[in-house]
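Engineer: First the structure, which I've put down as structure tokens, then a few questions once you've had a look.
Numbering (my numbering), first residue to last: 238 to 601.
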């Protein structure tokens, strides 16, 4: 492998960077910026809340036959309905603009905490896993920020792409703070419980705080929502994992025989429980969450970023370019490349970026 810092290595990285930037720009212009509906992922729950306010059904089975847009299925848990009911009375355009700024701010905060320099921030935010939820107003950006804040400290004073990890199991870490962040990470998307599982293994007090928060929110919302929406929500989640749904995303279960996706979800969840608290563990949590989720979309690949910044920069640029194609094949090629590089680095440290966080230590 070409030595890092040598002339040929610098030329290779510049070339790969140019290719990645070109694909990111092409994807942004052709698939997102002038095509993707602005604020659509905020409008979907607002419409569901409107139906609920009027005494109708927020979880419409018929929505799975709808074209891309605001008529797509509502999948958030019932305890979010009162929140969206409050927001429903606000004029849509100002609300979408404010939410856009919140998503943009969350994305910038997450990228900066992961020690990306300001000059790189626009290119990272133009990458499809960031650009899609920012334009569409998907709460995934905020949840990713919660994940990043949970596992990394402020990058002030840190060198480029050398974020400072937290030891969430350390005695100096607040169980309340960690619990709040873990609760937020999975509050809107039930498939993102990996941070909570990690805390359950290494910081039970923080995991208990997260569980208490979620249970309290459920209990407080039940007088407003009743029990029936919970059964409808579970049925809706079942429909969302149906591989015949055209807009169901790129989760592994859509391309494998029946039962394989569920088995991978269970195995990756168990694997999170086995991760030690050494440096690099959060990157593995991110990888396992991508492989194990039953519903994976472009913005779910944000959780690969911690691993991408650990592997050799050449491989990272190739993976980012593949994912930026926004195709099933390209996205999974990027996922496999990042995962293979992390696994391979256990035996061949040269697959890691020199002087970076020791990714291999997380599983050895």
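All C-beta atoms in this analysis are idealised placements derived from N, C-alpha and C, irrespective of residue type, glycine included.
Note down, in chain order, each residue of its chain lying with its Cβ closer than 7 Å to the Cβ of residue 324, except the 5 sequence neighbours on either side.
Structural biologist: 283 and 332
Engineer: Whole-angstrom Cβ separation of residue 524 and residue 509, contact assumed at under 8 Å?
Structural biologist: The Cβ separation is near 10 Å, so there is no contact.
Engineer: With a cut-off of 8 Å, do at least 3 Cβ pairs link the stretch 556 to 572 to the stretch 243 to 261?
Structural biologist: yes
Engineer: Where are the alpha helix (DSSP H) runs, 4 residues long or more, that stay fully inside the stretch 367 to 450, in chain order?
Structural biologist: 377 to 388, 412 to 424 and 431 to 439
Engineer: I'd like to know if the stretch 432 to 447 and the stretch 500 to 520 are in contact, where contact means that at least 3 CB-CB pairs between them fall below 8 Å.
Structural biologist: yes
Engineer: Examine the Cβ distances between the stretch 240 to 257 and the stretch 305 to 314 and report whether three or more of them are shorter than 8 Å.
Structural biologist: no
Engineer: May I ask you to verify whether the stretch 435 to 455 touches the stretch 268 to 288, counting CB pairs closer than 8 Å and requiring at least 3?
Structural biologist: no
Engineer: Considering only the beta carbon of each residue, do residue 533 and residue 319 sit closer than 8 Å?
Structural biologist: no
Engineer: What runs of the alpha helix (DSSP H), each 4 residues or longer, lie entirely inside the stretch 242 to 294?
Structural biologist: Complete alpha helix (DSSP H) runs here, min 4: 244 to 264 and 277 to 290.
Engineer: Determine the direct distance from the alpha carbon of residue 256 to that of residue 511, and round the result to whole angstroms.
Structural biologist: 38 Å
Engineer: With 16 other CB atoms within 10 Å as the buried threshold, where does residue 535 fall?
Structural biologist: buried
Engineer: If you drop the 5 nearest sequence neighbours on each side, which residues of the same chain put their C-beta closer than 8 Å to that of residue 593?
Structural biologist: Annotation note: pLDDT 43 at residue 593 (below 50); position unreliable, no value reported.
Engineer: For residue 543, which residues of its own chain have a beta-carbon under 6 Å away from its beta-carbon, when the five flanking residues on both sides are left out?
Structural biologist: 519, 520 and 523
Engineer: Look at the alpha carbon of residue 253 and the alpha carbon of residue 416, and state the distance between them as a whole number of angstroms.
Structural biologist: 40 Å
Engineer: Can you give me the Cβ contacts of residue 315 inside the same chain, cut-off strictly under 6 Å, excluding the 5 residues immediately before and after it?
Structural biologist: 462, 466, 467 and 470
Engineer: DSSP three-state label for residue 487, please.
Structural biologist: coil
Engineer: Compare the Cα-Cα distances from residue 383 to each of 392, 364 and 414 and report the closest residue.
Structural biologist: Closest option to residue 383, Cα to Cα, is 414.
Engineer: Please check if any C-beta of chain C sits within less than 8 Å of the C-beta of residue 397.
Structural biologist: In summary, chain C is missing from the structure at hand, where a single protein chain is found.
Engineer: Measure the alpha-carbon distance for residue 576 versus residue 292 and round it to whole angstroms.
Structural biologist: 47 Å
Engineer: Hey, out of 422, 388, 423 and 430, whose CA is closest to residue 411's CA?
Structural biologist: The candidate whose alpha carbon is nearest that of residue 411 is 388.
Engineer: Which whole runs of the alpha helix (DSSP H) in the stretch 487 to 557 are 4 residues long or more, in chain order?
Structural biologist: 497 to 511, 518 to 529 and 542 to 545
Engineer: Since residue 568 is in the alpha helix (DSSP H), which residue starts that stretch and which ends it?
Structural biologist: 565 to 581
Engineer: Return the Cβ separation of residue 485 and residue 477 in integer angstroms, given the expectation that the two are a contact with Cβ distance under 8 Å.
Structural biologist: At roughly 6 Å, the Cβ-Cβ gap stays under 8 Å, so residue 485 and residue 477 are in contact.
Engineer: Indicate the three-state DSSP secondary structure (helix, strand or coil) for residue 349 in the structure shown.
Structural biologist: In this structure, DSSP gives residue 349 a helical state, which the three-state scheme calls helix.
Engineer: Between the C-alpha atoms of residue 587 and residue 281, what's the straight-line distance to the nearest angstrom?
Structural biologist: Rounded to whole angstroms, the gap between the alpha carbons of residue 587 and residue 281 is 46 Å.
Engineer: Name the residue from 348, 356 and 352 whose alpha carbon lies nearest to the alpha carbon of residue 367.
Structural biologist: 348
Engineer: When DSSP labels each residue in this structure, what does residue 589 get in the three-state scheme?
Structural biologist: Strand at residue 589.
Engineer: Helix, strand or coil: how does DSSP classify residue 312 here?
Structural biologist: coil
Engineer: Which residues bound the alpha helix (DSSP H) around residue 320?
Structural biologist: 318 to 325
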